[in-house]
Amino acid sequence: MDAEQLKLKSKEQLEVILKDLEAIYQKKLSVQKGLEKEIQKTLSFQAEKHKEVEAEEEFITIKLIKRLEELKNEKTDLVARVEREEEYLTNTLQKKLKRLEQEKVDLEQKLEIEEEYIINKLQKQFETLQSEKLQLEQQLEGESIAGLETRKLRLEMEDYKRKKDRQTAILKSENSELQLVLQKEKEKFQLLNQEKAEWERQSELEDEHHINTKLNCPQFAPRKRGISTNRSVLKSSTGSLSPRGQQRTLKRGWLEVLGGPDKKNQEESEGELFFTLTEESLTGYESESIEMLPPDSISTKINLGKVEDVVLNGNGFTLKLKSGEMFTFVGNDASSWCNLIKDLLP
22 MDAEQLKLKS
32 KEQLEVILKD
42 LEAIYQKKLS
52 VQKGLEKEIQ
62 KTLSFQAEKH
72 KEVEAEEEFI
82 TIKLIKRLEE
92 LKNEKTDLVA
102 RVEREEEYLT
112 NTLQKKLKRL
122 EQEKVDLEQK
132 LEIEEEYIIN
142 KLQKQFETLQ
152 SEKLQLEQQL
162 EGESIAGLET
172 RKLRLEMEDY
182 KRKKDRQTAI
192 LKSENSELQL
202 VLQKEKEKFQ
212 LLNQEKAEWE
222 RQSELEDEHH
232 INTKLNCPQF
242 APRKRGISTN
252 RSVLKSSTGS
262 LSPRGQQRTL
272 KRGWLEVLGG
282 PDKKNQEESE
292 GELFFTLTEE
302 SLTGYESESI
312 EMLPPDSIST
322 KINLGKVEDV
332 VLNGNGFTLK
342 LKSGEMFTFV
352 GNDASSWCNL
362 IKDLLP
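Heads up, the sequence shown is in our numbering, so the first residue is 22 and it goes up one at a time.
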């Protein structure tokens, strides 16, 4: 806008100068006409006037040339100034664009970190809920309580689950902006769970096949009445138990001992120790062995995942638990059963 105003101003000045020139030219003509009329009167007067006009024309011409040079210089300065301003604006916009792009990258990285944190937090809570649910289920399975107590525990478990569900819902509502990303991660997680379940099922089938293969070996095949001894004792680090009739059961990761104490004699007494594998193909042995138990039988479960080692000692073997407890079994064919338990350990 400044350049255009200067141009208009220069143009107006030129027009004024041209008008002056035109006026001078008209004056010159009038003078010449006057001189032509008065030429005969005085040649000297005409010569002086002619010199004055020439001097005035020269002065005006020089003035116009100087003004034209000034206008050219002003135009050059304006062009340079406009170029500098354009370059400055271009550099400023480029710097601002780079800064905005960097802020965008930083925000995207921050968003990814927050998404990963939220996903990990939800996954940890889910794993915690699963672990707590599994513990409650194991407690319900391992405890022989009355129906009312079972319902009470079940209600407590459901109430606890509802509380956890509410907490999970609150956490999900706080992260509504990341629902799409979380949904994708959940789908991936479900696929992984399906693959995990399929893998566990295949592993379970392989374990069953492995156990069945072991059971088909003659040295590990149980007799119909179990493996019995004339004198058997089950001892632990906390005391001893002298059963009249007992049953030990291996059940895919669990060692279960069933039996009943001898109420007539609190010291070690004679009895029979029955060994049985609770597989579907051996349900007959299991049922027949259970029938041999006294009505006041007791049940003890040992998680094989907590067993550290199995040691053969004389006519029996000892289970060493990671907690420090020890369970000793005495009976015939102890070596075969010791090897079988070692194969079933994780």
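Even for Gly, the Cβ is constructed at its ideal location relative to N, Cα and C.
Query                                                                                                                        : Result
Identity of the residues DSSP links to residue 339 by a beta bridge                                                          : 332 and 349
Distance CB(residue 99)-CB(residue 27) smaller than 8 Å                                                                      : yes
Assigned exposure category for residue 50 - 16 Cβ within 10 Å defines buried                                                 : exposed
Under the three-state DSSP convention, the category residue 149 falls into                                                   : helix
Segment contact, 8 Å Cβ cut-off, at least three pairs: the stretch 174-193 with the stretch 120-127                          : no
Span separating the alpha-carbon of residue 189 from that of residue 177                                                     : 18 Å
Per-residue DSSP class, three states only, for residue 183                                                                   : helix
Under 8 Å between C-beta atoms of residue 356 and residue 333                                                                : yes
Proximity below 8 Å, CB of residue 331 to CB of residue 359                                                                  : yes
Assigned secondary structure, residue 62 (DSSP; H/G/I helix, E/B strand, else coil)                                          : coil
Spatial distance of residue 75 from residue 25 (CA atoms)                                                                    : 35 Å
Test item: CB-CB of residue 34 and residue 105 under 8 Å                                                                     : no
DSSP state of residue 201 mapped onto helix, strand, coil                                                                    : helix
Residue 344 - DSSP class collapsed to helix/strand/coil                                                                      : coil
Residues of its chain near residue 284, where Cβ-Cβ distance is below 6 Å and the 5 sequence neighbours each way are ignored : Confidence is the limiting factor: at residue 284 the pLDDT is only 35, short of 50, which leaves the residue's position unreliable, though a coordinate-based value still follows. Correct list: empty, nothing qualifies.
Cβ pair residue 199, residue 134 closer than 8 Å                                                                             : no
Residue span of the alpha helix (DSSP H) that contains residue 361, given as start and end                                   : 355-365
Buried/exposed call for residue 348, threshold 16 Cβ in 10 Å                                                                 : buried
Reference residue 362, options 97, 40 and 337, closest by Cα                                                                 : 337
C-alpha distance - residue 46 paired with residue 62, whole-angstrom precision                                               : 23 Å
Length of the line joining the Cα atoms of residue 5 and residue 217                                                         : With the chain covering 22 to 367 only, the question about residue 5 has no answer from this structure.
Integer-rounded CB distance, given that residue 192 should sit under 8 Å from residue 174                                    : Going by Cβ atoms, the distance from residue 174 to residue 192 rounds to 27 Å, so no, they are not a contact pair.
Residue 152 versus residue 126: straight-line alpha-carbon distance, rounded                                                 : 39 Å
Residue 365 burial status per 10 Å Cβ neighbour count (16 or more: buried)                                                   : buried
Close-in-space but distant-in-sequence residues of the same chain around residue 343 (CB under 6 Å, 5 per side omitted)      : 327 and 329
Backbone CA spacing between residue 48 and residue 93 [nearest angstrom]                                                     : 31 Å
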